[in-house]
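The block underneath contains the structure these notes are about, expressed in structure tokens.
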Amino acid sequence: MAGTQGPRMMFGPGRLVNHDCNPNSQLRHIPKTHSYQFITICPIALGESITVQYTAQGGFGSSGTAPEGTKCLCATCNPTNPPTLKRRSPPPPLVSAKLKPTRRMKKRLKRLVDTLSELLADG
1 MAGTQGPRMM
11 FGPGRLVNHD
21 CNPNSQLRHI
31 PKTHSYQFIT
41 ICPIALGESI
51 TVQYTAQGGF
61 GSSGTAPEGT
71 KCLCATCNPT
81 NPPTLKRRSP
91 PPPLVSAKLK
101 PTRRMKKRLK
111 RLVDTLSELL
121 ADG
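FYI, UniProt numbering numbers position 79 of the sequence shown as 79, with every residue one higher than the one before it.
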């Protein structure tokens, strides 16, 4: 991002918003709180990426603002091969399925079940 005092970096969830020459949202500056908010400018379907224009003049491809020798790779300028979200593999389970319960675990579980049963009976 560029401002009156020079370029800025964006952190938080906003760093995940992609560029598109035909975006579905807009970045709005809130001077009073020195913050930004994303405003939708058209309906966004469930699972669709939230996109904004990275340049104030317009998109890289549509207005020719891409740096010399580069090409805009957004979904609008590159419909046959648009960028996709990379899916991560699921994390490993926190507790192994092969874990065998110990006597201590069994006692604690029995106490927990008994306490829960008492609470439900009283309520």
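Even for Gly, the Cβ is constructed at its ideal location relative to N, Cα and C.
These figures come from a predicted structure and were not determined experimentally.
message: For the alpha helix (DSSP H) containing T115, name the first residue and the last one.
response: Note, T115: alpha helix (DSSP H), 103-122.
- request: Can you have a look at C72 and say buried or exposed, based on whether 16 or more other CB atoms are within 10 angstroms of its CB?
  value: Here C72 is buried: its Cβ has 16 or more other Cβ atoms, across all protein chains shown, within 10 Å.
message: Helix, strand or coil for S63? Go by DSSP, reduced to three states.
response: Only weak support exists for where S63 lies, its pLDDT of 48 falling under 50; the value from the coordinates is given anyway. Residue state, collapsed to three classes: coil.
- prompt: To which residues does DSSP link R28 through a beta bridge?
  reply: Answer by DSSP bridge pairing, in chain order: Q37.
- request: Excluding the 5 residues preceding and the 5 following C42 in the sequence, name in chain order all residues of the same chain whose CB lies nearer than 7 Å to its CB.
  value: Once the five neighbours on either side are set aside, the close Cβ partners of C42 are N24.
message: For N22, tell me which candidate among H34, H29, Q37, Y54 has the shortest Cα-Cα distance.
response: Comparing Cα positions, the closest option is Y54.
Residues near I39 by beta carbon distance below 7 Å, same chain, minus five either side: If we look at I39 and ignore the five residues flanking it on each side, its Cβ neighbours are S25, Q26, R28.
Between the CA atoms of P101 and F11 - distance to the nearest angstrom: A straight line joining the alpha-carbon of F11 with that of P101 spans about 44 Å.
query: Just how far apart, CA to CA, sit H34 and P93?
result: Rounded to whole angstroms, H34 and P93 show a C-alpha spacing of 41 Å.
- prompt: Using a Cβ-Cβ cut-off of 8 Å (strictly less than) and excluding sequence neighbours within five positions of I44, which residues of its own chain qualify?
  reply: Within the same chain, I44 has close Cβ partners N24, S25, I50.
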